[in-house]
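S.K.: I have a structure I would like to understand better, so I am pasting it below and will then ask my questions one at a time.
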Amino acid sequence: MKPRLSLKGRALRYLSMREHSRLELGRKLSRYAEEGDDVEALLDFLEKNNWLSQERFSESLVHRRSARFGNSRIMAELQSHGLSGEALQEVKSGLAGTEMARARELWERRYGAVATDPAERNKQIRFLMQRGFSQRAVFSAVKGEPDDEF
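Written out as structure tokens, the structure is:
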């Protein structure tokens with residue numbers, strides 16, 4: 078029989094796989110917490126030793142999602158993970174400069190050609206809007222405009 082992992086061991090195993098937000102890791106660990114275990118104290122310890130970092134988590138999430146999703150979708154996901162305030166604004170300003178280029182790249186990968194009829198154009202617009210791109214980025218990408226003017 079395998080020995081049971083301690084909460085700290087379980088937390089380190091989760092963090093070795095990928096970055097987690099404090100909220101997400103707390104939720105995962107609370108399932109395994111027994112009486113006398115203090116999940117919040119463990120999370121504080123992990124943050125103090127820089128094993129758990131909201132900044133690294135947000136960078137990781139942005140890196141994983143930015144090629145497929147727009148700013149509003151990424152920001153909503155970060156908020157659902159408990160990020161707010163100044164940290165969220167920093168990420169938002171970092172993403173703002175690349176949104177049009179990312180929308181254009183995704184549009185080119187998916188469609189590659191400017192739509193010839195309104196139905197196809199609407200389909201392309203809906204696809205990018207559902208991915209969380211701004212209207213400005215969507216219409217720029219769908220028109221097939223080069224993005225070096227921005």
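Count the sequence shown with our numbering and you get residues 78 to 227, in order. All C-beta atoms in this analysis are idealised placements derived from N, C-alpha and C, irrespective of residue type, glycine included. The model shown is predicted, which means the values in this text are computed figures rather than measured ones.
(1) Does the beta-carbon distance from G147 to F210 come in below 7 Å?
(2) Sort D121, E111 and S161 by Cα distance to S135 and report the nearest one.
(3) Determine the burial state of S107: buried for a count of at least 16 other Cβ atoms within 10 Å of its Cβ, exposed for fewer.
(4) Would you call the segment 175-183 and the segment 211-221 in contact, with 3 or more CB pairs under 8 Å?
(5) Let me know if M152 comes out buried or exposed under the rule of 16 or more other beta-carbons within 10 Å of its beta-carbon.
(6) Note down, in chain order, each residue of its chain lying with its Cβ closer than 6 Å to the Cβ of E124, except the 5 sequence neighbours on either side.
M.R.: This is what the structure holds:
(1) yes
(2) S161
(3) exposed
(4) yes
(5) buried
(6) none
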